[in-house]
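Please read the structure below before turning to the comments.
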Amino acid sequence: MKNYNKTNVMLVGCVAVILSIIVTACTNTTGTANVKTKVDTDGSEISASSDAKEFSEPSDEIRLIGWDAAIAHIDLVTAYEGGFFSEEGLTAKFVFNNSNPDNIQALIDGKTDLIGAGIAAELQYIDEGADLVVIGGQMSLGETVYALPERADEFTELNEETLTGKRIGVTRMNTGDVAFRKILADRGVDLEKIEFVELDSQATVIQAVINKEVDLGINFLTYRSLAEGEGLVPVSQLDAEDEWPDYICCRLVTTKKKLENDREKFVKALKANIKAYELIKNNHEKALEVAGKALNLERDVLEEQLYNYGHLGLSPNPNKRSIKEFYKAMVNVGYIEGNVNIDDYIDTTIYEDALNELIKEDPDNDIYNELMNEFKETNI
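Set out below in structure tokens:
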């Protein structure tokens, strides 16, 4: 991987153990991954680092990787735990591995077939030449800019006047970091007048705000209860009408080679993902029960994040329009070079076929029809 580090990294003092063990699903973090495995029905374990072969012929097996430390991949997790892959005739094997770079590399190396990962990490790999293709959605929104309560009034407006000379705690390649910089640039803010302090984890960002080592911190939704429990207050969710109301985060990605080898497998997989989304929308209790089997979150935290807090989207729609906008934003703020035509790395037809099949099977399903309307609006 190329080294794009352009800002100062600040070392923060001791962080509470409970903070240091958490990692964010939408940050391109490096280091040792926290790997968990699902045991298949034959008793064998699967691993992101396994030497599983690349499938050269159509197969009913699909290997998946997602996160269990956040709800960012709850569609995929619910599809697996709810048996929706089986309904589509697929034998799914799921690995939980909380590292975007590790998971993307496993996909590139042919050790898995379909992953959920943060869009910033995916686009960075694509821009560097990886043969990836985005085919579906998982999550959008979910980022918050936090301040100490006694300073919140300073940041009721986020502009050059209020932010010049300020220090913003971020984790690099986090969706919120890209979104915040894009919003400020659109407002004409000179980003050189702001110091973006890149820290090693979302937990460290929270601690840096508490310790007054940064003025503001940007955190992913998993950290909402933690940040606010520490007394921090949100000054922006980045999704207001004058900000970026439909910014995306995690997408489902595979490789072009895999699509060429067995396109129908991925249509079936996205049908399972869409069914999971419908369950989440229509049956809260069942969704909490199913997802709770796998996600490493207490039920009350899961319910609060999923249904009560807001500022979260879980549509399985790939949303080509927003992917292109995000790619452009990453180029404009200097994260990537803009080496490719991003249209060549997005395939919306897999999702479209999956959704059309589901509508044919259940033409009066309100969720499916809403998703089709959304698809037509956002994939042009």
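All residue numbers for the sequence shown refer to my numbering, where the first residue is 427 and numbers rise by one.
Glycine included, C-beta positions come from ideal geometry on N, C-alpha and C.
This structure is a prediction, so every number in the text was calculated from the model and none was measured.
Based on the DSSP output, what are the partners of residue i in its beta bridges?
i: residue 643; result: 572, 595
i: residue 677; result: 543, 563
i: residue 772; result: 560
i: residue 588; result: For residue 588, which the question treats as bridged, DSSP gives no partner whatsoever.
i: residue 622; result: 594
Between the alpha carbons of residue i and residue j, how many angstroms are there, rounded?
i: residue 588; j: residue 615; result: 10 Å
i: residue 520; j: residue 590; result: 46 Å
i: residue 660; j: residue 497; result: 20 Å
i: residue 683; j: residue 689; result: 10 Å
i: residue 584; j: residue 805; result: 31 Å
i: residue 685; j: residue 695; result: 12 Å
i: residue 490; j: residue 540; result: 5 Å
i: residue 728; j: residue 718; result: 8 Å
i: residue 676; j: residue 512; result: 24 Å
i: residue 807; j: residue 671; result: Because the chain spans 427 through 806 in this model, residue 807 falls outside it and cannot be assessed.
i: residue 563; j: residue 745; result: 7 Å
i: residue 654; j: residue 716; result: 27 Å
i: residue 657; j: residue 574; result: 7 Å
Which residues in the same chain as residue i place their Cβ atom closer than 6 Å to its Cβ, once the five residues preceding and following it in sequence are excluded?
i: residue 768; result: 750, 753
i: residue 722; result: 494, 495
i: residue 451; result: At residue 451 the pLDDT is 44, less than 50, meaning the model places this residue with poor confidence and gives no usable figure here.
i: residue 785; result: 794
i: residue 608; result: 755
According to DSSP, is residue i helix, strand or coil?
i: residue 491; result: strand
i: residue 523; result: strand
i: residue 604; result: helix
i: residue 693; result: helix
i: residue 666; result: coil
i: residue 806; result: coil
i: residue 739; result: strand
i: residue 630; result: helix
i: residue 615; result: coil
i: residue 518; result: strand
i: residue 766; result: coil
Taking C-alpha atoms, which residue in the options lies nearest to residue i?
i: residue 632; options: 617, 649, 584; result: 649
i: residue 795; options: 657, 656, 704; result: 704
i: residue 801; options: 742, 536, 564; result: 742
i: residue 526; options: 544, 780, 763, 565; result: 544
i: residue 582; options: 560, 766, 662; result: 662
i: residue 566; options: 783, 674, 547; result: 674
Who are the near neighbours of residue i in its chain, counting only those whose CB is closer than 8 Å to its CB and skipping five residues on each side?
i: residue 470; result: Below a pLDDT of 50, predicted positions are generally treated as unreliable, and residue 470, at 32, falls in that range; no measurement from the model is reported.
i: residue 428; result: Bear in mind that the predicted position of residue 428 carries a pLDDT of just 39, short of 50, making it unreliable; the figure below should be weighed with that in mind. Here the set comprises 554.
i: residue 731; result: 497, 647, 648, 650, 651, 723, 738
Go through its chain and collect everything with a Cβ distance to residue i's Cβ below 7 Å, but skip five positions before and after it.
i: residue 803; result: none
i: residue 551; result: 530, 558
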